[in-house]
Each structure stands twice: as C-alpha cells, then as structure tokens.
Amino acid sequence: MASAYHDLTLAQARELLDQGEVTSRELTQAMLERIEAVDGQVRAYLTVTPELALDMAEAADELLAQGQGGPLTGIPGGIKDVLCTQGVTTTCGSKILENFVPPYDAFLVKQLKEAGMVLLGKHNMDEFAMGSSTENSGFFTTRNPWDLDAIPGGSSGGSAASVAAGTCYFAVGTDTGGSIRQPASHCGVVGFKPTYGRVSRFGLVAFASSLDQAGPFTRTVADAAAVLQVIAGHDPSDSTSAPRKVPDYTAALNQGVQGLKLGVPQEFFATGIEPEVEAAVNKAIAELATQGAEIIEISLPHTEYALPVYYIIAPAEASSNLARYDGVKYGLSLRAENADLMDMYLTTRSQGFGDEVIRRIMLGTYALSAGYYEAYYGKAGQVRTLIKQDFLDAFNQVDAIVGPVAPTPAFDIGQRVDDPLQMYMSDICTLSTNLAGLPGMSLPCGFSGGRPVGLQIIAPHFAEETMLAIGHAYQQATDFHWQRPEI
Amino acid sequence: MKITAQEVAHVAALARLELDPEMTEKLTGQLNEILDAMDKLNELDTSSVPSTNHALELTGAMRPDRVSGGMDHDQALANAPDSDGQSLVVPKVI
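Sequences listed follow chains V and P, in order.
For reference, each letter of the first sequence is one residue, going -17 to 469 in this note's numbering.
For reference, each letter of the second sequence is one residue, going 757 to 850 in this note's numbering.
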C-alpha cells in the first residue's frame, strides 16, 4: 500500500492487521510519530499515553497472532477528555479537574477496551463541553488541520481535528447540542451522534444530562458503524440507557437509498447560511436523488425556538450538575489559612471555572431560581415538546431528514470569543436534534473557502441504520472522505 | 433591563461563585442580552402544552437494591484534596 499509515481508514488498518502485513505495535508507533510530527501545530491532544498505547498494542498483537480479538483489536484511537479513563487524567478541559485521575472507566471506554482498542490519549475540548470552537478549553485552543487559522469546531474539537489530521483512526466524543456534528463538519470527517440512550452515559462527566450523548468520529461512514457497534448497548448503571437490542450496523450500510423519502427542512436554509455551504449541501442532496431517493421539502416550524430553549435547559441542567465541583471530594481545592467551608467553595469554583462555564452556571441558576422558574425553565420544557412534535410529524412523511450541519464553515480563531450569542448561532441546525433525542450525523460534502462543509442526516429515534445506509451510499459515489488536509 | 448587577450578585451567591466588580458588570450586560433573546419564546402560546424533561419516555429503569462491588477507601479517596485515610477533611464549617 502506497499511502502512509496515518492516511488509512479504520477498515484499511483492520485489513492490514488481519492479513498480518503490519503489527499493532508498528501501527501504534507510526501514529505516535505522527502525533509527534503534527500535534504541535494542531494541538488535538490534552494527554498522550505512549507507554500505555504500546502495552495495549503488544497485548493486541498477541491476541491477533492467535487468531483472536475483537473488531477494534490493535486499532489506535483517542477519547474526548470528558470520558473517564481509569488511571489516565481526565480534565474535561477544565482547570478544576486538571489533576483528576478517574478510579474507573466510563462504560463505553470499558466496551472499547474489551473490543481491543489501543488508547493513544485524550482529546482537547471546550471546558465541560460548553462551546463550539475549543476556545473555551482551560488549556489551549485546537487548530483546524485544513487551515490552522480556523477553529476546529467544538466542543469535541480535539477529536474531530485528530481524525482529520490522521493522529488516530477513530475518536469518541460527545454531543449535547451539536458537539460531535459541528466539529466533524468543520474538520471534514464523519461525526455520529446516536439516539439519546443508545450509548451509556456512565462515566461521561455530565454537562446536560437530558441531552448528552456520546458517539464516534471516523473518516468513513463504514468506520462509524464499526465503532458504534462496539459502544451501543444497554448499561444497567445508566437509568436512561435504552434496554434495546443492538442491530448489526455494518449490515445496514449497503441498504442503499432507493425508495427512501428524504425531507429537506426549509428552516435549516433560512438562518444566514453561506452560499457555498448551501450549494455543497444541495449538491449532496441531488446526489442522493440520483441514487433513487425521493426528496421532499418539509417544515420544522419551531426550529427558530431551539436556540432559546437549549440555552435555558442546558445551562439549567449544567448549573445543577456542576454543583459537585466544590473542592471537597476531588479536583481543585483552594483553602486559604483560616478560611471556612464557604470560603473554600467560593474561591475554588470562581478560580477553577472559566468564563463560559461561569456564564452558563449563572444563566442556569437564574433560570431555576424562585420567581423565574416558570417563565424560563417551565416555558422551555413546553416549547421543547413542540420542537419534538415537529420532528415526529415530519417522520410521518419521510424516512430521514437531510440538510446543513452549520450555516458557515469554520470561522477564524478569536472571531466570536467576545460575543456569546454569535457563538451560540454555530449550533443553530443541530440543537433541535438533541432536544428531541434524535440521532444525527455529519459527513463531508464539499468546501467553502477551502474549509470543509458537512451534510447532516437526522433519523427517527433508534433508526441509526437508516442514517448509515444514506451516508454510506453517498460516500460510495463521492470522494470527499478520501481528501486529506496538507499537514 | 431583565437583570440588575445586584441580582447578578445574588445569583452568584446562590451558585457559590464570587465575582469581582468587573466580571459582575460584564456578566450583567451579557446575561441581559441572552435573556432578551429568550423573550422569543413568549411569542408561543403554550398554555395547553405539556413539558418535556426527557426526550424519550423510558420506563422500567428501577430495580431492587442489591449489594455489588464498590470502591475501597484508598480508591475513593485517591483524588481527595485532604483526607485522614477514612474520611474527607474540610475546613471548619462554623
């Protein structure tokens, strides 16, 4: 094979390992060298774990030599730093957890390890997954491998940038309002957010519990199916985990789009969308029509309310979830001499959290406080019902929904830092999916000003197979997923 | 104006945050801007709409209590800022 190891897809790496043409140790060493070579520019990793990775690779090689192993045996991947990894620092991109070493693995990390993955390290993110650019990371900003002046998207920006830069074969991130799909779109990779409850949240450090969901980043839709296969499933430790059978996702890939009805929501094109983004998305939809899908214009009339609903519900849940960072049990603890308990709470939290996290805790606390609860949290919950009903109505007519992921390609680093509302607009086409608990995917479909553009596919609850079939059919006919940034 | 600097200081106290005057002023401006954008929701009559707190109606998550393996003291206290080996140690409360 002519191309370098870091240019391969997960499936290609799998094939080389299975044929004995490369060992996991060699592959892992090559990826560690790739990280050494380019991560100084991209800065996708908060922590790299070379010794652990090589140990895991050697264990994988022993299994492979005996003809054993799982779907990910020997495959190097990375994990967003919001997912607990036993014995490996997990910061959530926050100074308040700078030295936190989890005593256990997240359920999905355990699943990945059982499937044989090699852990290369932990990916950078906006602090506590609050942001759309990684600029809110308490440590540093990740850069977009396609254009180092651009943000990679967020909050799972490190994961998306790492897959794009070829510093892992797959990554697992989380999506609360678009945090998998928007960075995938900006970095030209596949980002897959499953149905709420499909993947366990146990060990996923909570931001907004009714919205958070983990999912894979890969170069191809087929690779996303392979990783989803491993992390999907019921976990008795997560009471919101769905007790449903996990279908064969790889088998769903070749179903094709012939006869599928695809809805195009006009509202997704109304929100200041850039012409080149619109053109790329429309061209992708036309390709699906060529392959036999029926394209139907639909309406999701409450789309414009998703932003205010989200920015009440998510901060409200966050203000409650983040109460646990108090300097008592773990994490930063600032205790001045003669200070009492309250002083410790105040100092630790005020100095440990960054500006965006403080802003959202304040917003959430206000929205839940006496006298304002009904007007904000109560109202938002009711409008959330209307947003969900829009989708249920649409899915009476269509099998899936297609449209843009974000109205613009990646913006420049620094461009929106001082304007929270403008920053929040990045997620305008993705927020409603989380509010309704639906699965959504981004896959590369073109460029705008040299920066990648993503196509979004949204399906009914637990219809991940439909999304995979559509995405795979599209990638069989196009080559955006084979293009690599010059880095 | 939806929220005054004084209310911002009150909310900060509820959230166990200590804001300096500069941060209080900046947040007052930003929170007002964000809360103004939230007014959009009042365009909708939701008087007969039930609330959604979870997108999926899952039932049957309850099970009888049972004893299972947990963390020992060393593991549970490994990340503690201060402990005596058995318990977490905190500054005086009163």
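Glycine included, every Cβ here is placed at the ideal spot set by N, Cα and C.
#1: At a Cβ threshold of 8 Å, is glutamine 842 of chain P touching chain V?
#2: With hydrogens ignored, establish whether the beta-carbon of valine 4 of chain V is closer than 7 Å to any heavy atom of the ligand ATP.
#3: Determine which residues share a DSSP beta bridge with proline 386 of chain V and list them.
#4: Output needed for aspartate 409 of chain V: all residues of its chain with C-beta closer than 7 Å, excluding positions within five of it in sequence on either side, in chain order.
#5: From the DSSP output, read off the bridge partner residues of tyrosine 27 of chain V.
#6: Would a C-beta distance cut-off of 8 Å place aspartate 220 of chain V and arginine 183 of chain V closer than the cut-off?
#7: Taking any Cβ of chain V, which residues in the stretch 777 to 789 of chain P have a Cβ under 9 Å from it, in chain order?
#8: When the Cα atoms are used, what is the spatial distance from glycine 120 of chain V to glutamine -6 of chain V?
#9: For methionine 344 of chain V, go through chain P and note every residue whose CB falls closer than 8 Å to its CB, in chain order.
#10: Of the residues that make up the stretch 164 to 186 of chain V, which ones have a beta carbon closer than 9 Å to any beta carbon in chain P?
#11: Would you verify that the beta carbon of proline 820 of chain P is, or is not, closer than 8 Å to some beta carbon of chain V?
#12: Starting from the beta carbon of valine 849 of chain P, find every residue of chain V whose beta carbon is closer than 9 Å, and list them in chain order.
#13: Between glycine 135 of chain V and histidine 168 of chain V, which are expected to be in contact by the criterion C-beta below 8 Å, what is the C-beta distance as a whole number of angstroms?
#14: Three-state secondary structure (DSSP) at glutamine 195 of chain V?
#15: Spell out whether any CB of chain P is found under 8 Å from the CB atom of glutamine 50 of chain V.
#16: Residues in the stretch 449 to 467 of chain V with C-beta within 7 Å of chain P's C-beta atoms, listed in sequence order?
#17: For a test of the three-state rule: what should DSSP assign to isoleucine 294 of chain V, helix, strand or coil?
#18: Look up asparagine 830 of chain P in the DSSP assignment and say whether it is helix, strand or coil.
#19: Can you pull the chain P residues whose beta carbon is under 8 Å from the beta carbon of leucine 368 of chain V, in chain order?
#20: Classify aspartate 409 of chain V as helix, strand or coil using the three-state DSSP reduction.
#21: Note down, in chain order, all residues in the stretch 350 to 362 of chain V with a beta-carbon under 8 Å from any beta-carbon belonging to chain C.
#22: Count the other C-beta atoms from every protein chain shown that fall within 10 angstroms of the C-beta of glutamine 364 of chain V, then say buried if there are 16 or more, exposed otherwise.
#23: Would you mind working out which of V/Ser191, V/Ala190, V/Leu(-10), V/Gln23 sits nearest threonine 123 of chain V, comparing C-alpha positions?
#24: Alpha carbons only, please: which of V/Cys427, V/Ala88, V/Pro58 is nearest the one belonging to threonine 67 of chain V?
#25: I'd like to confirm the pairing. Which residues does DSSP put opposite glutamate 276 of chain V in its beta bridges?
#26: My parser needs the alpha helix (DSSP H) runs of 4 or more residues fully inside the stretch 124 to 178 of chain V; what are they?
#27: Need the endpoints of the beta strand (DSSP E) that methionine 423 of chain V sits in, please.
#28: Mind reading off the beta-carbon distance from isoleucine 439 of chain V to isoleucine 452 of chain V? Whole number of angstroms is fine, and I expect it under 8 Å.
#29: Give, in chain order, every unbroken run of the alpha helix (DSSP H) that is at least 4 residues long and sits entirely within the stretch -10 to 57 of chain V.
#30: In angstroms with no decimal places, state the Cα-to-Cα distance between tyrosine 293 of chain V and alanine 305 of chain V.
#31: Would you give the residue range spanned by the alpha helix (DSSP H) that threonine 330 of chain V belongs to?
#32: Would serine 192 of chain V and alanine 811 of chain P be called neighbours here (beta carbons separated by less than 8 Å)?
#33: List, in order along the chain, the chain V residues whose C-beta lies closer than 7 Å to that of alanine 836 of chain P?
#34: Going by DSSP, what residues sit across from valine 181 of chain V in a beta bridge?
#35: With distance defined between alpha-carbon atoms, name the residue in V/Glu299, V/Gly241, V/Val91, V/Glu260 nearest to glycine 274 of chain V.
#36: Under three-state DSSP, which class holds lysine 227 of chain V?
On the basis of the coordinates in this document:
#1: Position 86 of the second sequence, counting from 1, holds the residue named residue 842 of chain P. No - not a single Cβ of chain V is within 8 Å of the one on glutamine 842 of chain P.
#2: The model depicted lacks the ligand ATP and carries no ligand whatsoever.
#3: By 1-based counting over the first sequence, the position of residue 386 of chain V is 404. Answer is V/Leu437, bridged to proline 386 of chain V.
#4: The residue you call residue 409 of chain V lines up with position 427 of the first sequence. Excluding positions up to five away in sequence, the list reads Ser114, Gly159, Gly160, Gln164.
#5: In the first sequence, the residue the question calls residue 27 of chain V occupies position 45. In the DSSP output, where bridge partners are listed per residue, tyrosine 27 of chain V has V/His105.
#6: The count along the first sequence starts at 1 and reaches residue 220 of chain V at position 238. The count along the first sequence starts at 1 and reaches residue 183 of chain V at position 201. Yes, these two residues count as a Cβ contact at 8 Å.
#7: Met779, Lys782, Leu783, Gln786, Leu787, Glu789
#8: Here residue 120 of chain V is taken as the residue at index 138 of the first sequence, counted from 1. Here residue -6 of chain V is taken as the residue at index 12 of the first sequence, counted from 1. Their backbone Cα atoms lie some 36 Å apart in a straight line.
#9: Translated into the one-based positions of the first sequence, residue 344 of chain V becomes position 362. Ordered by position in chain P, the residues that pass the 8 Å Cβ test against methionine 344 of chain V are Val764, Val767, Ala768, Ala771, Leu773, Leu783, Leu787.
#10: Thr177, Tyr178, Gly179
#11: Within the second sequence, numbered from 1, the residue matching residue 820 of chain P stands at position 64. Not an interface residue.
#12: Counting from 1 along the second sequence, the entry for residue 849 of chain P is found at position 93. Residues of chain V passing the Cβ test: Asp322, Leu323, Met324.
#13: Here the question's residue 135 of chain V lines up with position 153 in the first sequence. Here the question's residue 168 of chain V lines up with position 186 in the first sequence. Contact holds; Cβ gap of about 4 Å.
#14: Within the first sequence, numbered from 1, the residue matching residue 195 of chain V stands at position 213. Of the three classes helix, strand and coil, the one that applies to glutamine 195 of chain V here is strand, per DSSP.
#15: By one-based count along the first sequence, residue 50 of chain V stands at place 68. No, its Cβ sits nowhere closer than 8 Å to a Cβ of chain P.
#16: none
#17: Here residue 294 of chain V corresponds to residue number 312 of the first sequence, with the count starting at 1. If DSSP states are grouped into helix, strand and coil, isoleucine 294 of chain V belongs with the helices.
#18: Sequence index remark: in the second sequence, residue 830 of chain P carries index 74 (1-based). First, the amino acid is wrong: residue 830 of chain P is aspartate here, not asparagine. Aspartate 830 of chain P falls in the helix class under three-state DSSP.
#19: Mapped onto the first sequence, residue 368 of chain V falls at position 386. Correct list: Leu800, Thr802, Val805.
#20: Within the first sequence, numbered from 1, the residue matching residue 409 of chain V stands at position 427. The answer is helix: DSSP assigns aspartate 409 of chain V an H, G or I state.
#21: Given the protein chain composition of this structure (V and P), no chain C is represented.
#22: As a position in the first sequence, residue 364 of chain V is number 382, starting the count at 1. Looking at its Cβ environment, which holds 16 or more other Cβ atoms inside 10 Å, glutamine 364 of chain V is buried.
#23: Walking along the first sequence from the start, residue 123 of chain V turns up at place 141. Checking every option, the nearest Cα to that of threonine 123 of chain V belongs to V/Gln23.
#24: Your numbering for residue 67 of chain V matches position 85 in the first sequence. It is V/Ala88.
#25: For the purposes of this step, residue 276 of chain V is taken as residue 294 along the first sequence, with counting starting at 1. Looking at the DSSP assignment, glutamate 276 of chain V forms a beta bridge with V/Lys243.
#26: 139 to 147, 163 to 169
#27: If you number the first sequence from 1, residue 423 of chain V lands on position 441. Its beta strand (DSSP E) spans residues 422 to 430.
#28: Here residue 439 of chain V refers to the residue found at position 457 when the first sequence is read from its first residue. Here residue 452 of chain V refers to the residue found at position 470 when the first sequence is read from its first residue. With a Cβ gap of about 5 Å, isoleucine 439 of chain V and isoleucine 452 of chain V count as contacting.
#29: -8 to 0, 6 to 24, 32 to 47
#30: The residue given as residue 293 of chain V occupies position 311 in the first sequence. The residue given as residue 305 of chain V occupies position 323 in the first sequence. Distance between the alpha carbons of tyrosine 293 of chain V and alanine 305 of chain V is about 18 Å.
#31: Mapped onto the first sequence, residue 330 of chain V falls at position 348. Start and end: 323 to 334.
#32: Within the first sequence, numbered from 1, the residue matching residue 192 of chain V stands at position 210. Within the second sequence, numbered from 1, the residue matching residue 811 of chain P stands at position 55. Going by C-beta atoms, serine 192 of chain V is nearer than 8 Å to alanine 811 of chain P.
#33: The count along the second sequence starts at 1 and reaches residue 836 of chain P at position 80. Within 7 Å Cβ-Cβ: Lys311, Tyr312.
#34: Counting from one through the first sequence, the residue named residue 181 of chain V turns up at place 199. For valine 181 of chain V, which the question treats as bridged, DSSP gives the partners V/Ala214.
#35: Position 292 of the first sequence, counted from the start, is the residue given in the question as residue 274 of chain V. Out of V/Glu299, V/Gly241, V/Val91, V/Glu260, V/Gly241 has the C-alpha closest to the C-alpha of glycine 274 of chain V.
#36: Start at 1 with the first residue of the first sequence, and residue 227 of chain V comes out as number 245. Three-state result, lysine 227 of chain V: coil.
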